[in-house]
Structure formats: C-alpha cells, structure tokens
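Residue numbers (the working numbering): 15 to 129.
A virtual CB, placed ideally from N, CA and C, is assigned to each residue, including glycine.
As the structure is a computational prediction, the values presented were derived from the model and not from experiment.
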C-alpha cells in the first residue's frame, strides 16, 4: 500500500490510454489475440521520467536487477467487455518451464516475478 502516489498512478493511466490496443498472447510461436485474454494493453515509454523513478523503487524493493525486465505496460480490463485473463502459463507449457530465453543477446532465464 502506498507504493505509487496518486499523481504517479494517474500519470501511468494517462500514458497508457494513449496507446491501448487489443492484448495479445504468445501462442504457437506468434503473438495473437485469443479469447482467454480479453483486455487492451499499452506499452509505456521506457524513457519516461516518472516511470524510471517507479522502476528504481521496484528494483530497491525487490532486490532485482531490471535490466532484462519486460517493458512496463498498462492493461485495461473492462467489465462491460467481459474483461479477463484466464489462468495460464507464462513462458512454459504444461510439460515444464522453458528457461532458454535471452534478452538483447544475453541469456536471462524465465520470468521470476511480476509487479
């Protein structure tokens, strides 16, 4: 509680609203819109000053290096559109976790957390 100030939260929402698009998932080797995820997503500008300040706090709080983190995004789930994201596996399959990932040519491993 209290991690984001009201002005920071409003800033992220305003930035996100400018670029909302149908959310996609990675299925069968490609990004696609699927029925199990009903939302809109916007990727935030990594050079945004407010976002950079928030990411520094995330790194301090979690103790994680964010150099291989995904770009921050805003997701919008509307009740009237039956917004949802059903249970799913990130970066893996029912048979196991895929840890053969790289970020900018450097092996980084699977996702370890969300914030």
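Supposed contact pair residue j and residue i - C-beta distance, whole angstroms, cut 8 Å
| i | j | result |
| --- | --- | --- |
| residue 34 | residue 54 | 4 Å |
| residue 15 | residue 68 | 15 Å between Cβ atoms; not a contact. |
| residue 58 | residue 86 | 5 Å |
| residue 89 | residue 80 | With a Cβ gap of about 19 Å, residue 89 and residue 80 do not count as contacting. |
| residue 17 | residue 71 | 7 Å |
Continuous alpha helix (DSSP H) stretch holding residue i: start and end
| i | result |
| --- | --- |
| residue 69 | 63-76 |
| residue 23 | 20-31 |
Classification of residue i by the beta-carbon crowding that lies within 10 angstroms, buried from 16 upward
| i | result |
| --- | --- |
| residue 77 | exposed |
| residue 26 | buried |
| residue 48 | exposed |
| residue 56 | buried |
| residue 37 | buried |
| residue 30 | buried |
| residue 108 | Its pLDDT being 49, under 50, residue 108 is placed unreliably in this model, and the value from its coordinates should be taken loosely. Exposed is the call here. |
| residue 20 | exposed |
Start and end residues, beta strand (DSSP E) containing residue i
| i | result |
| --- | --- |
| residue 45 | 44-46 |
Cross-strand partners of residue i (DSSP beta bridge)
| i | result |
| --- | --- |
| residue 87 | 57 |
| residue 40 | 45 |
| residue 50 | Paired residue(s): none; residue 50 is not in a bridge. |
| residue 98 | 52 |
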